[in-house]
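Student: Input: one structure, supplied below.
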Amino acid sequence: MAWIWLALAGVLEVGWAIGLKFTDGFTRLVPSVATVLAMAASMVLLALALKTLPVGTAYAVWTGIGAVGTALVGMLVLGEAATAMRIGGIALIAAGIATLKLGS
Numbered sequence: 853m854a855w856i857w858l859a860l861a862g863v864l865e866v867g868w869a870i871g872l873k874f875t876d877g878f879t880r881l882v883p884s885v886a887t888v889l890a891m892a893a894s895m896v897l898l899a900l901a902l903k904t905l906p907v908g909t910a911y912a913v914w915t916g917i918g919a920v921g922t923a924l925v926g927m928l929v930l931g932e933a934a935t936a937m938r939i940g941g942i943a944l945i946a947a948g949i950a951t952l953k954l955g956s
């Protein structure tokens with residue numbers, strides 16, 4: 853169950869990272885509230901996962917999911933550049949996440 857909590861925490865991290873773009877410096881109420889709620893929920897789920905997972909592994913996987921997911925949403929939804937170098941970097945992060953999971 854801890855890995856499920858961790859995966860959901862990572863997805864929520866993507867949500868709040870993308871949400872920050874739409875808060876306009878926390879001057880827009882609805883995006884700001886949604887972003888803060890996603891941040892809080894992500895932390896709670898991470899804390900639940902940390903009850904059983906090693907902190908180094910869990911934190912690295914959590915931030916990795918957030919980094920990969922945010923970069924992909926940026927490219928696929930927000931029109932950010934999808935260069936070979938960026939895609940290669942995302943692949944390396946994903947490989948690191950998989951390696952950490954397999955090692956736990």
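Each number in my numbering corresponds to the 1-based position in the sequence shown with 852 added.
Just so it is clear, CB atoms sit at the ideal spot from N, CA and C, and this is done for glycine as well.
Fair warning: this is a prediction, and the values are worked out from it, not measured in the lab.
Quick one: measure Cβ to Cβ for Ser-899 and Leu-864, integer angstroms, because I've assumed they're closer than 8 angstroms.
Tutor: The residue you asked about is not Ser; residue 899 is Ala in the sequence shown. About 13 angstroms; that fails the 8 angstroms criterion.
Student: Ile-939 to Thr-951, Cα distance in whole Å?
Tutor: 18 angstroms
Student: Looking at chain D, is there any beta carbon in it that lies within less than 7 angstroms of the beta carbon of Ile-949?
Tutor: Here chain D cannot be found, since the structure has a single protein chain.
Student: Label Ile-917 either buried or exposed according to how many other C-beta atoms from any shown protein chain fall within 10 Å of its C-beta, with 16 as the threshold for buried.
Tutor: buried
Student: Using CA atoms only, rank isn't needed, just tell me which of Ala-923, Ile-942, Ala-934 and Ala-854 is closest to Ala-869.
Tutor: The residue with the shortest Cα to Cα distance from Ala-869 is Ala-923.
Student: Excluding the 5 residues preceding and the 5 following Leu-905 in the sequence, name in chain order all residues of the same chain whose CB lies nearer than 6 angstroms to its CB.
Tutor: If we look at Leu-905 and ignore the five residues flanking it on each side, its Cβ neighbours are Ala-854.
Student: Measure the Cβ-Cβ separation of Ala-892 and Ala-901 and say whether it is below 7 angstroms.
Tutor: no
Student: Between the Cα of Leu-897 and those of Val-920, Ala-943, Phe-878 and Leu-860, spot the shortest distance and give me the residue it belongs to.
Tutor: Leu-860
Student: Does the distance from the CB of Ala-886 to the CB of Gly-862 come in under 7 angstroms?
Tutor: no
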